[in-house]
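Q: Going left to right, the first sequence walks through residues -2 to 489 as this note's numbering numbers them. All residues carry an ideal CB built from backbone N, CA and C; glycine is no exception. Got a structure for you, questions after.
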Amino acid sequence: MSKIKSNRLKLYDSLSRKKQVFEPLNSPNVGMYVCGPTVYGDPHLGHARPGISFDIVFRYLKHLGYKVRYVRNITDVGHLENDADHGEDKIAKKARLEQLEPMEIAQQYADSYMDSMDALNVERPSIQPRASGHIIEQMEMVTRILDSGFAYESKGSVYFDVKKYNEKHDYGKLSGRKLEDVLENTRALDGQDEKRDNADFAIWKNAAPEHIMRWNSPWGSGFPGWHMECSAMSAKYLGQKFDIHGGGMDLKFPHHESEIAQSVAANSCEPAKYWMHNNMVTIDGQKMGKSLNNFITLVEFFTGNHDFLSQAFDPMTIRFFILQAHYRSTVDFSNEALIAAEKGFEKLMKASHTLSELVAGESSDFDVKGWKEKCYLAMDDDFNTPILIAHLFDAVKVINSAKAGKMALSIDDLALLKSTFDTFVFEILGFKADAKNNDSANMSGELIEMLLKMRHKAKMNKDWASADEIRNQLIELGVNIKDTKDGAEWEI
RNA sequence: GGUCUCGUGGCCGAGCGGCUAGGCUGGGCUCUGCAAAAGCUCCCACAGCGGUUCGAAUCCGCUCGAGACCUCCA
């Protein structure tokens, strides 16, 4: 039995629209399901938001002592390009364009997604199930929904009967809609004749002859509908009722709304105890998204290869940038804001290094325990990372002051500060410092020390020209020099 | 048109009725051969108009403005 820290973690539940104290169904076990990417394009900044936001949830819950099973799906089938009736599978469409196998496309972009998530130091979920690998589970669920009477078969497809469902349950409770409004506002699309009602959605779709991705089913050759995968896979790996279901706000309707309806219809219970939704990333005040064609891919950020970007950005800068905003607020991207984030992040990393070399004093001028408490309070309040980061910068000030000899920390306080600071920065927020600890780095370190000794000699002789030349050339090579009372320090 | 969110200092971004968040930028000072780094310090904002209150960026109303969802989207 693992120990759970007795924090009062509160999280904002989208369904009740309130912050709720987090109480797992089966403590210390926690089940969390987050909607992952549809793999038909390179991952962009928008994908980084939920990736990082729920990585924080994952990391913090583990830190508190929970045993978390985190499931994030990969959608490689089932999303239709337009509407349910005459749409074309996204993956299949892209495959035809590029003359590749659909699974080849899915694999390529799934790899690309995971590479970028790795770069952002997003921990891999416990399970990353693929929709195409769970067709049977999805068919079984369709059968159960048919049996429950909340779906009907029509021309080789199966549709969810929203109107009928709404008589007994509440379709629209998550997104705050009334069925009448949904009906009124549903556009009249072509080929609605297969459905009884405009609001009905396909849970199994008959495949047109030219459709490449298809499976045999009791209803004919076809493929699963829009929202089935998440319902089927979350139930398979986390049970019919689990703790947290997450995803982007834009998925609330119709995706998550429909998931709830499907689960209730098939399992007679709602899938998740808590619903969490991250907000969008905007660019020039507009959502950054596939359909708007204003997105910047993560690789473009990492390489700086985009007109919007003045330079390449380290993945950790992106991570820091995103965590400086609360996950439920929109975060507006700009080149300038990223540069500011880069500087702030460097300051934080430098402080971490400074801290590791700090020497304890007699007494303390800083209430480390109180500070630690504030850090936990920030995270316990719906994962408020911006507040936590503000507290970390308070510690940065203390660290730098201690280094400058203007503050002191006792042995105990210094040890507590070190462990707490590192825990929050690296374990919980998931930052990582650049790894420069290889042999060639050690070698260049010694070479730099040698040059600095020569510069020191020049300085002793008041040979400023030579001293500055050494420093300037080192700077040109990317080595920064800081002169202190105890001699010169350097960093790459 | 419907549902909802938001408008905070040069920029980003917290705040949820009283107690000047934080980061970046800019100015001054300390340190320094100069510089860099670091420290100290200054610039004290809450879209507008009313209202509630002893007290409002924070609650209520209206006005203006921005955005999201209603269709695939993270």
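Pick helix, strand or coil for PRO383, following the three-state DSSP scheme.
A: In this structure, PRO383 counts as helix in the three-state DSSP scheme.
Q: Suppose contacts are defined by Cβ-Cβ distances below 8 angstroms. Is ASN70 in contact with GLU226 by that definition?
A: Against a cut-off of 8 angstroms, the Cβ pair of GLU226 and ASN70 comes out as a contact.
Q: Give me, in chain order, the residues of the same chain whose beta-carbon lies closer than 7 angstroms to that of ASN4; leave out the 5 immediate sequence neighbours on both sides.
A: Answer for ASN4: LEU61, TYR373, ASP377, listed in chain order.
Q: Please check the pair HIS224 and GLU267, which I expect to be a contact at CB under 8 angstroms, by giving their CB distance rounded to whole angstroms.
A: The pair is not a contact, with the Cβ atoms about 14 angstroms apart (cut-off 8 angstroms).
Q: With H, G and I counted as helix, E and B as strand and the rest as coil, what does DSSP make of GLU466?
A: GLU466: helix per DSSP, three-state reduction.
Q: Closest by CA to LYS175, which one among PHE250, SER113, TYR234?
A: Of the listed residues, the one whose Cα sits closest to LYS175 is PHE250.
Q: Can you tell me which of the three DSSP states ASP378 falls into?
A: ASP378 falls in the strand class under three-state DSSP.
Q: Should MET285 be labelled buried (16 or more other beta-carbon atoms within 10 Å of its own) or exposed?
A: MET285 is buried by the Cβ-count criterion.
Q: Which first and last residues belong to the beta strand (DSSP E) in which THR140 is found?
A: Where THR140 is concerned, there is no enclosing beta strand (DSSP E), although the alpha helix (DSSP H) it sits in stretches over 132 to 145.
Q: Take GLU122 as the anchor and find which of LEU180, ILE49, TYR156, ASP73 has the nearest alpha-carbon.
A: A quick correction: the sequence has Pro, not Glu, at residue 122. The shortest Cα separation from PRO122 among LEU180, ILE49, TYR156, ASP73 belongs to ILE49.
Q: Run through the DSSP bridge pairs and tell me what VAL278 is partnered with.
A: DSSP, once it has assigned bridges, lists VAL328 as partnering VAL278.
Q: How long is the line joining the alpha carbons of ILE1 and GLN17, rounded to whole angstroms?
A: Distance between the alpha carbons of ILE1 and GLN17: 18 angstroms.
Q: Pick from ASP158, ASP460, MET230, MET447: whose alpha carbon is nearest that of LEU471?
A: Nearest option by C-alpha distance: MET447.
Q: Measure the Cβ-Cβ separation of ALA348 and ILE396 and say whether it is below 8 angstroms.
A: Cβ distance < 8 angstroms, so ALA348 and ILE396 count as in contact.
Q: Would ASP362 and ALA392 be called neighbours here (beta carbons separated by less than 8 angstroms)?
A: No. Outside cutoff.
Q: Could I get the ranges of all uninterrupted alpha helix (DSSP H) runs contained in the region 156 to 222, with 4 residues as the minimum, in chain order?
A: Qualifying alpha helix (DSSP H) stretches, in chain order: 159 to 165, 176 to 182.
Q: From MET136 to PRO221, what distance separates their C-alpha atoms?
A: Looking at the two C-alpha atoms, the distance is approximately 7 angstroms.
Q: Got a sec, what are the start and stop residues for the alpha helix (DSSP H) MET264 sits in?
A: With the sequence shown as reference, residue 264 is identified as Asn, and Met is not the correct amino acid for it. Segment 254 to 264, the alpha helix (DSSP H) holding ASN264.
Q: If I follow the unbroken alpha helix (DSSP H) through LYS64, where does it start and stop?
A: No alpha helix (DSSP H) holds LYS64; the beta strand (DSSP E) holding it covers 64 to 69.
Q: Quick one: residues in its chain with C-beta nearer than 8 angstroms to the C-beta of TYR149, no 5 flanking neighbours on either side, listed in chain order?
A: Counting only Cβ-Cβ distances below 8 angstroms, and skipping sequence neighbours, we find LEU143, VAL155, TYR156, ASP158, ARG193.
Q: ASP419 by DSSP, collapsed to three states: which one?
A: Three-state DSSP puts ASP419 in a helix.
Q: Would ALA401 be called buried (16 or more neighbouring beta carbons within 10 Å of its own) or exposed?
A: Flag for ALA401 reads exposed.
Q: Measuring straight from C-alpha to C-alpha, what distance separates PHE51 and ASN275?
A: Distance between the alpha carbons of PHE51 and ASN275: 9 angstroms.
Q: Run through the region 7 to 44 for me and flag every whole beta strand (DSSP E) of 3 or more residues, listed as ranges in chain order.
A: Segments of the beta strand (DSSP E) lying fully in the region 7 to 44: 7 to 10, 15 to 18, 26 to 31.
Q: Out of HIS208, GLU333, VAL356, TYR324, point me to the one whose CA is closest to SER307's CA.
A: Closest option to SER307, Cα to Cα, is GLU333.
Q: Sorted by chain position, which residues of the same chain lie with C-beta nearer than 7 angstroms to ASN291's C-beta, five sequence neighbours on each side aside?
A: Cβ within range, chain order: ILE280, GLN283, MET285.
Q: Just checking, does the region 335 to 344 make contact with the region 311 to 318 on the three C-beta pairs under 8 angstroms criterion?
A: Verdict: yes, contact present.
Q: Straight-line CA distance for ASP480 to THR417?
A: If I take the Cα positions, the gap works out to 30 angstroms.
Q: Residues in the same chain with beta-carbon distance under 7 angstroms from ALA45, minus the five sequence neighbours each way, listed in chain order, please.
A: These residues qualify, in order along the chain: LEU117, LEU295, ILE315, ILE319.
Q: Considering only residues of the same chain and omitting the five flanking positions on each side of LYS15, which have a CB-CB separation below 8 angstroms?
A: Only TYR9 meet the Cβ criterion.
Q: Buried or exposed for PRO126, please, with buried defined as at least 16 other CB atoms from any protein chain shown within 10 angstroms of its CB.
A: Under this definition PRO126 is a buried residue.
Q: Tell me whether LEU385 is buried or exposed, calling it buried when 16 or more other Cβ atoms sit within 10 Å of its Cβ.
A: The residue in question, LEU385, is buried, as its Cβ has 16 or more Cβ neighbours within 10 Å.
Q: Could you have a look at ALA401 and say whether DSSP puts it in helix, strand or coil?
A: Coil, per DSSP.
Q: Could you tell me the alpha carbon to alpha carbon distance between LEU345 and PHE390, rounded to whole angstroms?
A: Going from the Cα of LEU345 to the Cα of PHE390 covers about 7 angstroms.
Q: In the DSSP output, which residue or residues are listed as bridge partners for TYR271?
A: BP columns for TYR271 point to ILE241.
Q: Taking the alpha helix (DSSP H) that LYS233 belongs to, which residues open and close that run?
A: Run containing LYS233: 225 to 235, per the alpha helix (DSSP H) assignment.
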